[in-house]
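Participant: Throughout the sequence shown, residue numbering follows full-length UniProt numbering, covering 1 to 99 in sequence.
We put the CB at the ideal spot given by N, CA and C, even for glycine.
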Amino acid sequence: MITKMTAAIATILLTGVACAQVDLNKATEIDLDGLNGVGPALTRELMTERQKAPFQDWTDVMQRVKGIGPKKAASLSAQGLRVQGQGYGPSLGTPSKKP
């Protein structure tokens, strides 16, 4: 019983940590390095571009940072990364497809 309860509590805590939201304009190097698909080179690029000017939205990020396109933006957003409080999705900066 105690083992099951401990496992349940650990799962809840780990899920909360994995879903923690971080804004790209405020993220530390450690925050960015902790995301899947972001290594030291991409972290440096993000930090360098952010120093020039804060990111306005996901489109701005994709235009300014080599290596971040729609797939990477969707992956980072799913991990909790936000730009100006917004996730990446169909109505949040995803280029629309022409019919």
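1. Any idea which residues DSSP pairs Asp23 with across the strands?
2. Throw me the rounded Cβ distance for the Thr38 and Glu49 pair, which I believe falls under 8 Å.
3. Report the three-state DSSP secondary structure of Ala53 (helix, strand or coil).
4. So, are the CB atoms of Asn36 and Phe55 less than 8 Å apart?
5. Tell me the rounded alpha-carbon separation between Met47 and Val61.
Facilitator: By the coordinates alone:
1. Arg82
2. A quick correction: the sequence has Val, not Thr, at residue 38. Between Glu49 and Val38 the Cβ distance is about 14 Å, and since that is not below 8 Å, they are no contact.
3. coil
4. no
5. 11 Å
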